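When you line the sequence shown up against the working numbering, it's residues 1 to 212, in that order. The beta carbon of each residue, even a glycine, is placed where N, CA and C say it ideally should be. All values derive from a computational prediction rather than experimental measurement. Worksheet: one structure, shown below.
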Amino acid sequence: MTDLNKTIMQHAQKQVGIWEWAGSENNPLVLAMFAEAGHSEVKQDAVPWCAAFVGSVLLRAGGKGTGSLLARSYLDWGQKIPLSEAKEGDVVILSGKASWQGHVGFFKGQGAQKINLLGGNQNDQVNVKAYPASKLLGVRRAIAPRSNPSESTTLQASTVTALAGASATATAGVAAMHPAAQVALICAGVLVMLAGAYIFRERLRKWRLGDR
């Protein structure tokens, strides 16, 4: 099991026992899953929430889901894994009654023709449930991001500090140089600063898009 898979399972297991409230009341913990999965517009826990549970857990674990409430959206997510190599924390996608329907949860083990999933909206709650292996559509594994927001912030701060220091040093020596050399040095400094800013922006953009 990868370190990210371990973290995923830790967060998933913390949610075991959360259920969909009966009647007109809505469980705020389920609605929070919708919000964390990118769908804060959902205000009813009766809306199918297996994909919302997966997306919420992935976010809390430092990963990123598909942003969709369709279970089958995870068929194109992460890294494809054969069932024989599945580990706890891998994402399992099962078929539903219609061609567009399905179910998604986290792999918890398997038995005779059964796959155990730790998932949400399983009998209206978060639990571990066995499903027929014949329903399997795919197994996917989360890919650890290259960086996280705090690392990106640190990178930005260190880049700015380094550029500021270089600028101060260059400024101190510019006055003693020939005017033509001053212009050339200033232009070179500007290019270095622009290159540094571009590299940082691209790294942050790739992290946000989930480009691993």
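Asked, Found
"Confirm, please, whether the CB-CB distance from Ala46 to Phe34 is below 8 Å.", "no"
"Mind reading off the beta-carbon distance from Leu31 to Val42? Whole number of angstroms is fine, and I expect it under 8 Å.", "7 Å"
"Quick check on DSSP: helix, strand or coil for Gly38?", "coil"
"Who are the near neighbours of Gly102 in its chain, counting only those whose CB is closer than 7 Å to its CB and skipping five residues on each side?", "Ala71, Arg72, Ile93, Leu94, Ser95, Gly96 and Leu137"
"Quick check on the DSSP output: the alpha helix (DSSP H) that includes Ile8 runs from which residue to which?", "Asp3 to Lys14"
"Looking at Asn127: is its Cβ nearer than 8 Å to the Cβ of Val16?", "yes"
"Thinking C-alpha only, which one of Gly67, Thr66 and Lys108 is nearest Ala86?", "Lys108"
"Starting from Ala52, trace the alpha helix (DSSP H) in both directions and tell me its first and last residue.", "Cys50 to Arg60"
"Would you kindly check if the distance between the Cβ of Gln79 and the Cβ of Ile143 is under 8 Å?", "yes"
"Within its chain, find whatever has a CB closer than 7 Å to the CB of Trp49; leave out the 5 residues flanking it on each side and keep chain order.", "Val30, Met33, Phe34, Gly120 and Asn121"
"Can you give me the C-alpha to C-alpha distance between Glu88 and Arg141, rounded to a whole angstrom?", "10 Å"
"Taking C-beta to C-beta, are Leu118 and Ala12 nearer than 8 Å?", "yes"
"Given Ile18, which residues of its chain have a CB within under 8 Å of its CB, disregarding the five upstream and five downstream residues?", "Asn27, Leu29, Val30, Gly120, Gln125 and Val126"
"In three-state terms, what does DSSP make of Ser84?", "helix"
"Apply the 10 Å Cβ neighbour rule to Ile199 and answer buried if 16 or more other Cβ atoms are within range, or exposed otherwise.", "exposed"
"If you draw a straight line from the C-alpha of Lys114 to the C-alpha of Pro132, how long is it?", "5 Å"
"Considering Cα atoms alone, identify which of Ala61, Pro179, Ala188 and Gly23 is closest to Ala37.", "Ala61"
"What do you get for Trp100, buried or exposed, if any count of 16 or more other CB atoms within 10 angstroms of its CB means buried?", "exposed"
"Per DSSP, Gly105 forms a beta bridge with which residues?", "Val92"
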